[in-house]
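*Asks:* This structure is in structure tokens; I'll ask about it shortly.
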Amino acid sequence: MIEGSCLCGGVRYQYDGEIGEISICHCAQCRKAQGSAFAAVSPVASDKFRLIAGAELLREYRSSADKARVFCSRCGSPIYSVKDDLPEVRRLRLGTVDTPIACDNVFHIFVDSKASWWDVGDAHPRFAGRKP
Ligand SMILES: [Zn+2]
Ligand SMILES: [Zn+2]
């Protein structure tokens, strides 16, 4: 069981599944949404994701018409995103995970959009845009 929470602790969730991949997204939208060089994201099954607390704190912002970025309205932590045409999958922001997790399947996407001040220095696969 994986547990996570936002910065203020108002939003808490559990995920009863595995983390099968970690995508490090360098796109400009994710950089702004996280206020950082990239977003670390993993797809999780919506039916195994359970909100324990803070449903009333969650707000969404749509940087694209078909995708909601869901965050805590009290502290601003990004929690997950979900696409309208794929509600069974949420893309969890791994910075909010409290349980130690391990995953070897890590890759970089949208490296062409990365912050000029950030060097991707690891050996994980890199893709200029989306993962093919
Ligand atoms: Zn919060
Ligand atoms: Zn992105």
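Position in the sequence shown counted from 1, then plus 1301, gives you our numbering. We treat Cβ as the ideally placed atom computed from N, Cα and C, and that holds for glycine.
Would you kindly work out how many angstroms separate the C-alpha atoms of H1409 and E1357, rounded to a whole number?
*Replies:* If you draw a straight line from the Cα of H1409 to the Cα of E1357, it comes to about 33 Å.
*Asks:* Do A1346 and G1318 have their CB atoms nearer than 7 Å?
*Replies:* In this structure, G1318 lies closer than 7 Å to A1346 by Cβ.
*Asks:* Specify whether the region 1361-1381 and the region 1326-1339 touch according to this definition: at least 3 beta carbon pairs, one from each stretch, less than 8 Å apart.
*Replies:* yes
*Asks:* Rounding to the nearest angstrom, what Cα-Cα distance links S1439 and Y1316 in this structure?
*Replies:* Residue 1439 is absent from the structure shown; the chain starts at 1302 and stops at 1433.
*Asks:* Verify the contact flag: C1404, CB atom, against every heavy atom of ligand 2, threshold strictly below 6 Å.
*Replies:* no
*Asks:* Report the rounded CA-to-CA distance for D1420 versus I1323, giving the unit in angstroms.
*Replies:* 18 Å
*Asks:* I need the residues with a C-beta less than 5 Å from some heavy atom of ligand 2; please give them in chain order.
*Replies:* C1326, C1328 and C1331
*Asks:* Rounded to whole angstroms, what is the Cα-Cα separation between R1360 and S1374?
*Replies:* R1360 and S1374: Cα-Cα distance of roughly 6 Å.
*Asks:* Going by Cα to Cα distance, which pick from V1390, L1395 and P1426 is closest to N1406?
*Replies:* P1426
*Asks:* Using alpha carbons as the reference points, say which of G1355, A1366 and Y1362 lies closest to C1309.
*Replies:* If we check each option's Cα against that of C1309, G1355 comes out closest.
*Asks:* Identify the continuous alpha helix (DSSP H) that holds K1333 and give its terminal residues.
*Replies:* A1329 to Q1335
*Asks:* Could you compute how far the alpha carbon of P1434 sits from the alpha carbon of V1390?
*Replies:* Nothing can be reported for residue 1434: it is not among the residues displayed for the chain, which extend from 1302 to 1433.
*Asks:* With a CB to CB cut of under 8 Å and the five nearest residues on each side skipped, what residues in its chain are close to L1393?
*Replies:* G1305, Y1316, V1342, S1343, P1344, V1345, F1350, I1380 and Y1381
*Asks:* Looking at C-alpha atoms only, which residue of I1325, Q1335 and F1372 is the closest neighbour of R1313?
*Replies:* F1372
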